[in-house]
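Let me begin by presenting the structure, written as structure tokens, before commenting on it.
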Amino acid sequence: MVKAIDAAAIEDIKDMGTGLENARLALEIAHKALKRLAEEKQYLHLMVQDARNLKVLTETNRHNVEVIRRIRGLDDPATNDSIPLSEVDEVIIE
Numbered sequence: 000m001v002k003a004i005d006a007a008a009i010e011d012i013k014d015m016g017t018g019l020e021n022a023r024l025a026l027e028i029a030h031k032a033l034k035r036l037a038e039e040k041q042y043l044h045l046m047v048q049d050a051r052n053l054k055v056l057t058e059t060n061r062h063n064v065e066v067i068r069r070i071r072g073l074d075d076p077a078t079n080d081s082i083p084l085s086e087v088d089e090v091i092i093e
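Under numbering that gives the first Met the number 0, think of the first position of the sequence shown as 0, with each following residue one higher.
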């Protein structure tokens with residue numbers, strides 16, 4: 000029984016690590032796209048022609064920041080049940 004609980008906990012930690020990594024990757028992609036739009040004005044017309052493009056990028060940014068904050072337990076320090084990043088990293092390395 001204890002082994003099953005430990006295995007499930009390790010799997011949860013791995014899943015959180017994967018989710019954190021994916022959220023950071025998506026955040027980086029959205030950031031690079033927005034930065035390129037700001038730097039290279041010839042692409043700005045894409046945002047003007049279809050505002051949904053900008054909305055998708057900004058919503059992606061917001062969502063992934065929320066995911067990262069939720070996984071890390073940054074929004075509720077009183078009930079901070081988040082797993083320390085060092086523990087997540089250790090399991091990922093294994």
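In this text, a Cβ means the ideal position worked out from N, Cα and C, and glycines have one as well.
Between the CA atoms of H44 and D11 - distance to the nearest angstrom:
Sequence index remark: in the sequence shown, residue 11 carries index 12 (1-based). Sequence index remark: in the sequence shown, residue 44 carries index 45 (1-based). When rounded, the distance between both Cα atoms is 43 Å.
Can you have a look at N63 and say buried or exposed, based on whether 16 or more other CB atoms are within 10 angstroms of its CB?
Here residue 63 refers to the residue found at position 64 of the sequence shown. Buried.
Spatially closest choice to H30 from T57, T17, N21 and E65, by CA coordinates
As a position in the sequence shown, residue 30 is number 31, starting the count at 1. Relative to H30, the option among T57, T17, N21 and E65 whose CA is nearest is T57.
By Cβ distance below 6 Å, which residues in the same chain neighbour E38 in space, the five residues on each side in sequence not counted?
The sequence position of residue 38 within the sequence shown is 39, counting from 1. Here the set comprises nothing.
Within the region 18–77, note down every full alpha helix (DSSP H) run reaching 4 residues or more, in order along the chain.
43–48 and 50–71, all fully within the region 18–77.
For G72, tell me which candidate among A8, A7 and L19 has the shortest Cα-Cα distance.
Residue numbering aside, residue 72 sits at position 73 when the sequence shown is read from its first letter. When each option's Cα is compared against that of G72, the closest is L19.
With DSSP run on the structure shown, which of helix, strand or coil describes M0?
Taking the first residue of the sequence shown as 1, we reach residue 0 at position 1. Secondary structure at M0: coil, using DSSP grouped into helix, strand and coil.
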